[in-house]
Structure formats: C-alpha cells, structure tokens
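>
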Amino acid sequence: APAPPAGLAAHILEYCVRVPRESWDPKVRAAGGAWLLTLLKALGARPELRPRSFLKEAQAALVALLADGDPSAHEVGAKGLAALHDCAGDDAAAKDAIVEELVRALAQGQRANAGRSGSAFATYKELADVASNAGQPDLVYRLLDLSAQSALWSSKRGAAYALGEQSAERLAPHLHKLLPLLFRYRHDPNAAVRGPMAALWDQLVPDTRAAVDAHFDAIFASVLHSLTDALWRTREASAMAVPELLQGRRWPQLRGRAEDLGYRLLRLLDDIKASVRDAGGGAWRAYAGTLVRLCDRAAGAPEAQAGEVLAMALPLLVEKGLASPAEEVRGACLKLVVRVARHAGAHLRPHVAVLAEALLRSLAELEDPSLSYAQLHADRMGGAAMAETLDSLRAQASASGPASEALELCAAQLGGENLPALVPRLLDLLRHGVGLPTRTGTARFIVTTCRALPGDVRPFCPRLAAALLAALD
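By the count of the numbering used here, the sequence shown reaches residue 640 at its end, each step adding exactly one.
#1: Thinking C-alpha only, which one of A264, L342, A259 and A261 is nearest A298?
#2: Cα separation between I179 and E189?
#3: Work out the CA separation of G608 and A579 for me, nearest whole Å.
#4: So for A397, helix, strand or coil by DSSP?
#5: Identify, in the order they occur along the chain, each residue of the same chain with its Cβ nearer than 7 angstroms to the Cβ of V195, setting aside the five sequence neighbours on each side.
#6: Reducing DSSP to helix, strand and coil, say where S491 ends up.
#7: Grouping DSSP H, G and I as helix and E and B as strand, with all else coil, what is C462?
#8: Just to confirm before moving on: does the CB-CB distance between A511 and T605 stay below 8 angstroms?
#9: Closest to A468 by C-alpha separation, out of A441, L436 and A513, would be which residue?
#10: Out of W399, R400, P373 and S405, which one is the CA nearest neighbour of A388?
#11: Within 8 angstroms, do at least three Cβ pairs link the segment 475 to 485 to the segment 441 to 448?
#12: Report the CB separation of R506 from A465 in whole angstroms; it is logged as a contact under 8 angstroms.
#13: Could you give the distance in angstroms between the alpha-carbon of V390 and the alpha-carbon of E411?
#14: At the level of alpha carbons, what is the spacing between A493 and D437?
#15: Which of the three DSSP states is assigned to L530 in this structure?
#16: Compute the distance between the beta-carbons of C183 and L222, then report whether it is under 8 angstroms.
#17: Skipping 5 residues on each side, what residues in its chain have a beta carbon closer than 8 angstroms to that of S650?
#18: Around the C-beta of D374, are 16 or more other C-beta atoms found within 10 angstroms, so that it is buried, or is it exposed?
#19: What residue does the alpha helix (DSSP H) around F221 start on, and which one ends it?
#20: Taking C628 as the reference, which of R598, L594 and G602 has the closest Cα?
#21: Any idea if H599 is buried or exposed, counting beta-carbon neighbours within 10 angstroms, 16 or more meaning buried?
#22: Apply the 10 Å Cβ neighbour rule to S571 and answer buried if 16 or more other Cβ atoms are within range, or exposed otherwise.
#23: What did DSSP end up calling L367 once you bin it into helix, strand or coil?
#24: Could you check if Q226 is buried or exposed, using at least 16 other CB atoms within 10 Å of its CB as the buried criterion?
#25: Apart from the five residues just before and just after L229, which ones in its own chain have a Cβ nearer than 6 angstroms to its Cβ?
#26: Rounded to the nearest angstrom, what separates W368 and R353 at their Cα positions?
#27: So which of L204, P569, A632 and R460 has the shortest CA-CA distance to L527?
#28: Are the CB atoms of L233 and H241 within a distance shorter than 8 angstroms?
#29: Could you tell me the alpha carbon to alpha carbon distance between D296 and L477, rounded to whole angstroms?
#30: Is DSSP giving A327 helix, strand or coil here?
#31: Pick helix, strand or coil for N357, following the three-state DSSP scheme.
#32: Within a Cβ cutoff of 6 angstroms, which residues of the same chain sit near A237, ignoring the five residues on either side of it in sequence?
#33: Alpha carbon to alpha carbon, how far is R460 from R324? Give it in angstroms, no decimals.
#34: Could you tell me which of E524, G448 and M479 sits nearest to H462, measuring between CA atoms?
Structure representation (structure tokens):
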C-alpha cells in the first residue's frame with residue numbers, strides 16, 4: 168500500500184497521542200486510546216512512519232489511560248502498552264528507555280492514586296513489581312496485555328487486538344520466576360489487584376494443581392518469606408495463600424520447613440492488624456489440619472512419619488505456643504495439642520513426658536484471672552470458708568478444660584518406659600510449680616499414673632509420696 172503523506176501521518180499520530188491525556192470526555196479518551204492501539208499495530212510493520220519521539224509520547228498517553236476511571240480505558244491502555252513494546256522492534260535502546268519510563272510512571276501513578284480505594288493503578292504497579300522481581304522488567308508489557316481480559320476482548324472485533332496467546336508463549340520461559348509472585352497476588356486483599364492477577368494466572372496456567380506441584384519449592388519459599396513482610400497486605404495475602412498451598416501435601420514435601428511455617432503463622436495470630444490476624448487464623452487451621460492428617464494413626468500414617476511430625480510439632484507447640492504471652496496463640500496451640508493427642512494414638516508415646524509437663528504448667532496460665540484475683544481477696548471477703556470454697560472451684564475448673572482432656576489422652580498412652588523421664592518432671596512441678604491449678608493437676612496426674620501402671624510405678628513411690636506429703640504442708 169502507498170505510504171500516506173508524511174504530514175498527514177504525523178498529524179494523526181500527534182492527535183491520537185494528545186487525546187487520551189487532554190480530553191475531558193471519558194468516551195473520547197477511550198476512543199483515542201483505541202485509535203492509538205490500532206496505529207501501534209500498524210506501525211509495527213511501517214517503522215519509517217514513526218517519529219523518533221513517538222514511542223515515549225504514546226506510552227505516556229497509554230499510562231494516563233491506566234489511571235482513567237473507565238474500565239474500558241484501562242484495558243485499551245494495557246493492550247496498547249503491549250503493542251507498543253512490539254512496535255519498538257529490535258531497537259534495544261528504545262526498548263530499555265520505554266521500560267524504564269514505564270516502571271517510573273507506574274510508581275508515580277500509584278502514589279498519585281493512593282487515596283483512591285481500589286484504584287486500578289495498584290494492579291499495574293504490582294505487575295511492574297512482579298516483572299522486576301523476576302529479573303525481566305520488560306515482561307511488564309506482556310503481563311499488562313494478559314491482565315486486560317474481559318468480554319471486550321472476547322468479542323469478534325476485540326479478538327483482532329488480543330495478544331494473549333502470543334504473550335503467554337513468550338512468558339513461558341519465565342514461569343519459574345513469575346508463578347511464586349502471582350500465586351500470592353491471587354489472594355491479595357485488594358480486589359482491584361486480586362481479580363486481574365487471578366485472570367493473569369488463568370491465562371498462564373491451564374492446570375493450577377500441576378503448576379503448583381511443579382513449582383512447589385519456589386512458591387513455598389516465596390509465601391514463607393512474605394508471611395513476615397513489613398507490609399500488612401503482603402502478610403495477609405501470604406496467609407490467605409497458605410491453605411491452598413498445603414492442600415493434599417505429603418510429609419516429604421514439608422519436611423525441613425514445616426516448623427518455620429508454623430512459627431511464622433503463630434506470629435500472625437498475634438499480628439497488630441485485625442484482618443491479618445483473621446487470615447493468619449485461617450492459615451493456622453489449614454496448617455493444624457495438615458499436621459493432624461500426617462500423624463493420624465487411624466488414617467494410616469506410617470509410624471516413622473508420625474514420629475517425625477510429632478518430633479517437629481510438639482516442641483513448637485510447647486516452647487513457642489503454650490508458653491506464649493498472647494492468649495490467641497496459647498488457645499490455638501492448645502486446641503492443636505488436643506487434636507494431635509486424640510489422633511496420634513500410640514505414636515504419641517515417646518513424647519508423653521514432655522507434653523504432660525507442658526500441659527500441667529499451662530493449667531495455671533489458662534486459668535480465668537478473675538478466680539485468682541478473688542482468691543487473693545478471699546480472707547477479706549468471706550474468711551477461711553470463702554477461701555476454701557474458691558480453692559475447690561479453681562481445682563474443679565482446671566480439671567474440665569481442654570488441657571485436662573489432653574492430659575487424659577497422654578495418660579492413656581503411658582507405659583513403663585515413660586516413667587524415668589516423667590516422674591522427675593512431676594516431682595519438680597509439685598515442689599516448684601506456680602499456681603494452684605498446676606499443683607492440683609499434677610497431683611491428679613500422679614494418681615492416674617499410679618492406677619494405670621501400679622507395678623511400674625512402685626520403684627518411684629517413695630519419692631512421689633514424700634513430694635505429696637510436702638505439698639500438703
């Protein structure tokens with residue numbers, strides 16, 4: 168086809184670049200962007216018609232459309248930026264310049280739109296971050312293209328401009344870097360970010376389960392690191408991604424990193440932001456369900472596997488959980504201890520001594536503070552009779568909570584081989600235990616042990632009897 172006059176081509180290009188930035192009418196701005204997109208596709212084959220400064224000016228116009236209030240303008244801008252990158256051809260310097268300018272413009276645009284709730288600009292800035300973190304800043308153009316997926320581009324007319332398949336193929340070599348970040352962004356609390364990221368994931372990944380399995384190590388490492396990020400949105404998104412990540416996982420996949428994951432989730436349960444705590448609670452429930460499944464004797468968990476899981480989980484629950492000053496953390500860990508004790512069965516036997524000691528110490532920490540307060544003022548309120556009544560009530564309350572249930576499950580797994588490690592711990596609790604619930608609970612556990620193992624406990628009876636008599640005083 169004959170080339171149009173140079174003056175006419177320059178006039179049309181200048182007009183289409185100016186309209187998206189200067190027009191007050193949103194429909195005119197979107198239409199100008201559509202014309203600009205068409206011209207960019209045409210100029211890819213006719214570089215001689217393109218002024219040297221055109222790419223930079225066209226990119227500025229298309230970035231302006233990304234901040235527009237009209238959704239169709241967002242999509243025209245995203246598609247136009249993808250076509251703009253192709254229009255640069257093999258000019259590496261031009262490509263580097265427009266990539267640098269785009270990343271800078273997106274960062275400035277997000278700051279300018281920070282006050283707008285759900286601003287679409289946040290999505291495009293996140294896409295730029297994904298590309299930068301993947302080590303390929305120019306990938307932002309492909310990501311912008313794939314993020315603009317809607318009925319507009321599914322129509323017969325829109326299909327002429329859609330570059331999705333081409334972009335997906337070009338992004339395939341970079342999936343190992345992109346998928347860990349996109350996996351988290353699919354759970355972002357901002358719907359303006361979450362929706363496009365989910366659509367982008369669907370374009371790149373036809374089978375989510377297979378993709379997560381193939382890139383599990385990288386995705387797990389990314390989510391694990393982001394759970395303690397300084398930004399609350401990142402922590403919340405990572406916590407919301409944990410249940411999907413843990414679904415159906417086997418112990419070999421989690422060995423060596425489940426403890427770190429549990430520790431970070433415990434920190435989220437005491438996060439300063441309520442929405443992060445809620446997301447952390449959901450992630451902790453998924454984590455707890457996974458641990459219970461991996462050591463559940465009734466479900467056929469191998470003994471060696473259950474032993475490894477319990478050896479990892481119980482120190483975490485006892486040292487970091489039950490000893491935590493945060494009530495939410497202690498409560499969540501205690502519930503998990505009860506579930507583990509209920510499902511692990513005989514797999515729990517090697518850990519009975521350590522677990523029983525921790526549970527007995529927790530009885531005082533889990534007591535209702537109002538009872539201990541009333542006990543301190545019992546003499547003034549009602550004399551010795553009131554003090555004795557409160558002692559009885561506190562002992563009964565400590566015998567009916569979840570910790571007592573877990574102690575009963577531990578007692579059911581007691582064997583003679585446990586006593587050499589268990590008895591010294593019980594003696595120490597009787598002598599130095601803090602709080603009435605802990606001391607009365609220890610006495611009850613000694614009684615239970617003597618009834619369950621009368622022959623095995625006989626060598627320890629003198630020491631136990633002496634400690635109990637001393638406790639009476």
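Just so you know, even glycine gets a beta-carbon here, dropped at the ideal spot from N, CA and C.
To lay it out plainly:
#1: Comparing C-alpha distances from A298 to each of A264, L342, A259 and A261 shows the shortest one belongs to L342.
#2: The alpha-carbon atoms of I179 and E189 are separated by roughly 15 angstroms.
#3: Whole-angstrom Cα-Cα distance: 16 angstroms.
#4: In the three-state DSSP reduction, A397 falls in the coil class, being neither helix nor strand.
#5: Non-local C-beta neighbours of V195 in its own chain, meaning closer than 7 angstroms and more than five positions away in sequence, comprise V186, ordered along the chain.
#6: Three-state result, S491: coil.
#7: Correct three-state label for C462: coil.
#8: No, the pair does not count as a contact, with Cβ atoms beyond the cut-off.
#9: It is A513.
#10: Checked all of W399, R400, P373 and S405; the closest Cα to A388 is S405.
#11: Because the criterion of three Cβ pairs below 8 angstroms is not met, the segment 441 to 448 and the segment 475 to 485 do not touch.
#12: So it is not a contact: roughly 13 angstroms between Cβ atoms.
#13: Between V390 and E411, the C-alpha separation is close to 11 angstroms.
#14: Here the alpha carbons of D437 and A493 stand approximately 7 angstroms from one another.
#15: Residue state, collapsed to three classes: helix.
#16: Their beta carbons are not under 8 angstroms apart, which means C183 does not touch L222 by this criterion.
#17: The question about residue 650 has no answer here: the residues shown for the chain are numbered 168 through 640.
#18: D374 counts as exposed, since fewer than 16 other beta carbons sit within 10 angstroms of its beta carbon.
#19: In the DSSP annotation of this structure, the continuous segment of the alpha helix (DSSP H) that includes F221 starts and ends at F221 to L233.
#20: When R598, L594 and G602 are compared, the shortest CA-CA separation from C628 is found for L594.
#21: Within a 10 Å sphere around the beta-carbon of H599 sit fewer than 16 other beta-carbons, which makes this residue exposed.
#22: Label assigned to S571: buried.
#23: Correct three-state label for L367: helix.
#24: So Q226 ends up on the buried side.
#25: Short of 6 angstroms from the beta carbon of L229, and not among the five residues preceding or following it, lie these beta carbons of its own chain, in chain order: G244, G247 and L248.
#26: Cα to Cα, the separation comes out at about 8 angstroms.
#27: The candidate whose alpha carbon is nearest that of L527 is P569.
#28: Taking 8 angstroms as the Cβ cut-off, H241 and L233 qualify as a contacting pair.
#29: Those two C-alpha atoms are separated by around 39 angstroms.
#30: Its pLDDT being 31, under 50, A327 is placed unreliably by the model, and nothing is read from it.
#31: Of the three classes helix, strand and coil, the one that applies to N357 here is coil, per DSSP.
#32: Residue identity check: residue 237 is Asp in the sequence provided, not Ala. If we look at D237 and ignore the five residues flanking it on each side, its Cβ neighbours are P193 and A197.
#33: Any reading at R324 must be qualified, since the residue scores a pLDDT of 33, below 50, and its modelled position is unreliable; no value is offered.
#34: The residue you asked about is not His; residue 462 is Cys in the sequence shown. The option with the nearest alpha carbon to C462 is M479.
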